[in-house]
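Asks: This structure is in structure tokens; I'll ask about it shortly.
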Amino acid sequence: MAWVKLFRKPGTRLGKSYQPGSMLSLALTKGLLNEPGQNSCFLNSAVQVLWQLDIFRRSLRQLSAHFCLGDACIFCALKSIFSQFQQSRERALPSDTLRHALAETFKDEQRFQLGLMDDAAECFENILERIHLHLVSDSAAEICTSKSCITHQKFAMTLYEQFVCRSCGASSDPLPFTELVHYVSTTALCQQVERVLERTDRLRSDMFGELLQAANTIGDLRNCPSNCGQSIKIRRVLMNCPEIVTIGFVWDAEQSDLTEDVIRSLGPHLNLSGLFYRVTDENAKKRDLHLVGMICYSSRHYLAFAYHSKSSKWVFFDDATVKEVIIEIKHESLHFFSL
Ligand SMILES: [Zn+2]
Ligand SMILES: [Zn+2]
Ligand SMILES: [Zn+2]
1 MAWVKLFRKP GTRLGKSYQP GSMLSLALTK GLLNEPGQNS CFLNSAVQVL WQLDIFRRSL
61 RQLSAHFCLG DACIFCALKS IFSQFQQSRE RALPSDTLRH ALAETFKDEQ RFQLGLMDDA
121 AECFENILER IHLHLVSDSA AEICTSKSCI THQKFAMTLY EQFVCRSCGA SSDPLPFTEL
181 VHYVSTTALC QQVERVLERT DRLRSDMFGE LLQAANTIGD LRNCPSNCGQ SIKIRRVLMN
241 CPEIVTIGFV WDAEQSDLTE DVIRSLGPHL NLSGLFYRVT DENAKKRDLH LVGMICYSSR
301 HYLAFAYHSK SSKWVFFDDA TVKEVIIEIK HESLHFFSL
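And the structure:
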């Protein structure tokens with residue numbers, strides 16, 4: 001189980017004031033059908049968030065050349081839903097072509113099979129990974145540098161991790177890797193929130209990045225590589241400046257329900273300097289990302305919220321149902337209201 005939370009760099013339209021009655025642009029938001037037995041809510045939520053991400057939608061529109069897999073082609077299937085979103089007069093569209101392509105692609109692994117419920121965060125991540133494979137021939141390269149690969153150009157965080165001893169200065173070899181989704185344990189996040197609340201009486205929204213970093217590194221202690229006796233913490237360093245950052249919350253608590261605590265910790269902004277031990281890219285250091293989408297899981301069902309930049313409104317997606325919602329920041333955390 002996971003939520004996907006997306007942030008992107010502030011666009012010019014983000015600050016545009018609320019315009020009552022501007023439903024024209026919202027007409028371009030459509031629902032996605034989920035007939036009984038299809039269990040497609042995980043896919044529908046992932047697709048809605050991808051469609052609402054302006055950077056992704058516009059970049060995908062410009063691409064056509066790809067390694068096509070015919071009926072099993074996730075690239076073609078996603079492009080077809082996107083053009084339907086633009087051209088169709090229906091209020092809700094089927095997502096069957098993509099559902100089939102996904103099932104066919106992951107047949108051997110027995111994942112995302114027809115009729116079966118699956119994980120929206122993994123679906124989201126796998127769609128992005130597949131788009132990379134459809135666009136880039138050299139899939140053996142560890143770090144993708146292809147200019148036409150939307151997946152890595154827009155979403156990937158290029159990182160390295162290293163253990164450095166504060167006491168004797170010894171360090172482990174830096175380990176480079178890329179990440180499309182940055183996963184954080186909700187149990188660890190709530191522990192960090194508690195620690196902060198012991199010192200101050202409330203959470204500030206600009207602490208969100210640091211909270212996530214602390215939660216992400218907390219249990220990761222090693223013995224000093226030169227055996228000086230210290231236990232040392234992991235350091236993760238960001239080397240690029242991703243345009244879209246995705247946070248995946250891992251619901252790992254067996255017993256207690258942390259939902260309210262997690263919601264309380266969510267901030268509407270995320271600065272990359274807070275999220276990592278160090279950020280080397282000058283643009284990334286200054287970057288303050290805005291929340292633009294969320295995929296939520298509740299009662300065995302996935303739903304999505306996404307920011308519709310043309311109308312500056314938040315939209316709620318529950319398969320075929322699409323509603324405008326109001327999102328407010330109260331006491332520095334997020335609140336959603338249905339209209
Ligand atoms: Zn294709
Ligand atoms: Zn790539
Ligand atoms: Zn040491």
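In full-length UniProt numbering, the protein residues as written are 1 to 339.
In this text, a Cβ means the ideal position worked out from N, Cα and C, and glycines have one as well.
Please classify Asn44: does DSSP put it in a helix, a strand, or coil?
Replies: On the sequence shown, position 44 is the one that residue 44 refers to. Helix, per DSSP.
Asks: Is residue 379 near Tyr277, with beta carbons less than 7 Å apart?
Replies: Any answer about residue 379 is impossible in this case: the structure gives the chain only from 1 up to 339.
Asks: Is residue 343 a contact residue of ligand 1, with contact defined as CB to any heavy atom under 6 Å?
Replies: In this structure the chain extends from 1 to 339, so residue 343 is not present and cannot be described.
Asks: Given this structure, state the Cα-to-Cα distance separating Leu187 from Phe208, to the nearest angstrom.
Replies: Translated into positions along the sequence shown, residue 187 becomes position 187. Translated into positions along the sequence shown, residue 208 becomes position 208. According to the sequence provided, residue 187 is Thr. The question's Leu does not apply to it. Taking the straight line joining both Cα atoms gives about 15 Å.
Asks: Using three-state DSSP, classify Leu6 as helix, strand or coil.
Replies: Looking up residue 6 in the sequence shown gives position 6. Strand at Leu6.
Asks: Whole angstroms is fine: what's the gap from Arg195's alpha carbon to Ser205's?
Replies: The sequence position of residue 195 within the sequence shown is 195, counting from 1. The sequence position of residue 205 within the sequence shown is 205, counting from 1. Roughly 16 Å separates the two Cα atoms.
Asks: If you compare alpha carbons, which of Arg202, Cys228 and His182 is closest to Phe7?
Replies: Residue numbering aside, residue 7 sits at position 7 when the sequence shown is read from its first letter. Checked all of Arg202, Cys228 and His182; the closest Cα to Phe7 is His182.
Asks: With a threshold of 16 other CB atoms inside 10 Å of the CB of Lys16, please say whether the residue is buried or exposed.
Replies: As a first step, residue 16 must be located in the sequence shown, where it is residue number 16. Bear in mind that the predicted position of Lys16 carries a pLDDT of just 40, short of 50, making it unreliable; the figure below should be weighed with that in mind. Exposed is the call here.
Asks: Assuming His308 contacts Thr97 (C-beta within less than 8 Å), just tell me the rounded distance between them.
Replies: In the sequence shown, the residue the question calls residue 308 occupies position 308. In the sequence shown, the residue the question calls residue 97 occupies position 97. Not confirmed; about 24 Å, so no contact.
Asks: Work out the CA separation of Asp257 and Cys241 for me, nearest whole Å.
Replies: Walking along the sequence shown from the start, residue 241 turns up at place 241. Walking along the sequence shown from the start, residue 257 turns up at place 257. Straight-line Cα distance between these residues: approximately 35 Å.
Asks: If we count the other Cβ atoms within 10 Å of its Cβ and call it buried at 16 or more, is Cys228 buried or exposed?
Replies: As a working note, residue 228 is residue 228 in the sequence shown. Looking at its Cβ environment, which holds fewer than 16 other Cβ atoms inside 10 Å, Cys228 is exposed.
Asks: Which whole runs of the beta strand (DSSP E) in the stretch 110-177 are 3 residues long or more, in chain order?
Replies: Listed in chain order, they are 157-163.
Asks: In the DSSP output, what is Cys296 paired with across the bridge?
Replies: Reading the sequence shown from its first residue, position 296 is the one you call residue 296. Beta-bridge pairing links Cys296 to Leu303.
Asks: Residues in the same chain with beta-carbon distance under 6 Å from Asp173, minus the five sequence neighbours each way, listed in chain order, please.
Replies: Taking the sequence shown and counting its residues from 1, the one referred to as residue 173 is at position 173. Nothing meets the Cβ criterion.
Asks: Using a Cβ-based criterion (distance less than 6 Å to any ligand heavy atom), does Cys149 qualify as near ligand 1?
Replies: Residue 149 sits at position 149 when you count from the first residue of the sequence shown. Flag unset: Cβ of Cys149 not near ligand 1.
Asks: Looking only at C-alpha atoms, which of Ala306, Lys286 and Leu272 sits nearest to Thr158?
Replies: Numbered from 1 along the sequence shown, position 158 holds the residue referred to as residue 158. Taking only the C-alpha atoms, the option nearest Thr158 is Leu272.
Asks: What are the boundary residues of the alpha helix (DSSP H) that includes Lys285?
Replies: Locating residue 285 in the sequence shown gives position 285, where the first residue counts as 1. Per DSSP, Lys285 belongs to the alpha helix (DSSP H) from Glu282 to Lys286.
Asks: Assign residue 351 to buried or exposed, taking buried as 16 or more other Cβ atoms, counted over all protein chains shown, within 10 Å of its Cβ.
Replies: Not covered by the structure: residue 351. The range shown for the chain is 1 to 339.
Asks: What does a CB cutoff of less than 8 Å around Val193 pick up in its chain, not counting 5 residues either side in sequence?
Replies: Here residue 193 is taken as the residue at index 193 of the sequence shown, counted from 1. Once the five neighbours on either side are set aside, the close Cβ partners of Val193 are Leu203, Leu211, Asp261, Arg264 and Ser265.
Asks: Does the Cβ of Glu35 have 16 or more other Cβ atoms within 10 Å, making it buried, or fewer, making it exposed?
Replies: On the sequence shown, residue 35 is found 35 positions in, with the first residue counted as 1. Exposed, by the Cβ-count rule.
Asks: Please classify Phe208: does DSSP put it in a helix, a strand, or coil?
Replies: Residue 208 sits at position 208 when you count from the first residue of the sequence shown. In the structure shown, Phe208 sits in a helix (DSSP, three-state: H, G or I).
Asks: Within its chain, find whatever has a CB closer than 6 Å to the CB of Asp288; leave out the 5 residues flanking it on each side and keep chain order.
Replies: In the sequence shown, the residue the question calls residue 288 occupies position 288. So the list reads His269 and Asn271, once near-sequence residues are dropped.
Asks: Just jot down, in chain order, the residues whose CB lies closer than 6 Å to any heavy atom of ligand 3.
Replies: Residues with a Cβ closer than 6 Å to any heavy atom of ligand 3, in chain order: Cys165, Ser167, Cys168, Ala170, Cys224, Ser226, Cys228 and Gln230.
Asks: Where does the unbroken beta strand (DSSP E) through Lys79 begin, and where does it stop?
Replies: By 1-based counting over the sequence shown, the position of residue 79 is 79. From DSSP, Lys79 is part of no beta strand (DSSP E) but of the alpha helix (DSSP H) over Ile74 to Gln87.
Asks: Please go through the same chain and pick out, in chain order, the residues whose beta-carbon is closer than 6 Å to the beta-carbon of Ser22, but skip the five residues on each side of it.
Replies: Locating residue 22 in the sequence shown gives position 22, counting from the first residue. Low local confidence applies: a pLDDT of 45 at Ser22 is under 50, so the model's placement there is unreliable, with the coordinate-based value given in what follows. Closer than 6 Å at Cβ, skipping near neighbours: Ser311.
Asks: Measuring only from the beta carbon, is Phe75 closer than 6 Å to any heavy atom that is part of ligand 1?
Replies: On the sequence shown, position 75 is the one that residue 75 refers to. It does: the Cβ of Phe75 is within 6 Å (strictly closer) of some heavy atom of ligand 1.
Asks: Pull up the CB-CB distance for Ile218 and Gln191, whole angstroms please, since I reckon it's below 8 Å.
Replies: On the sequence shown, residue 218 is found 218 positions in, with the first residue counted as 1. On the sequence shown, residue 191 is found 191 positions in, with the first residue counted as 1. Between Gln191 and Ile218 the Cβ distance is about 7 Å, and since that is below 8 Å, they are a contact.
Asks: Pick out the complete beta strand (DSSP E) segments inside the stretch 205-260, 3 residues or longer, and give them in chain order.
Replies: Here the runs fully enclosed are 221-223, 231-238 and 244-250.
Asks: Under a Cβ-count criterion, where at least 16 other Cβ atoms within 10 Å of its own Cβ denotes burial, should Thr200 be classed as buried or exposed?
Replies: Here the question's residue 200 lines up with position 200 in the sequence shown. Exposed is the call here.
Asks: Hey, out of Ser226, Cys224 and Leu189, whose CA is closest to Asn216's CA?
Replies: Counted from its first residue, the sequence shown places residue 216 at position 216. For the residues Ser226, Cys224 and Leu189, the minimum Cα distance to Asn216 belongs to Leu189.
Asks: In the DSSP output, what is Val322 paired with across the bridge?
Replies: The count along the sequence shown starts at 1 and reaches residue 322 at position 322. Bridge partners of Val322: Phe317.
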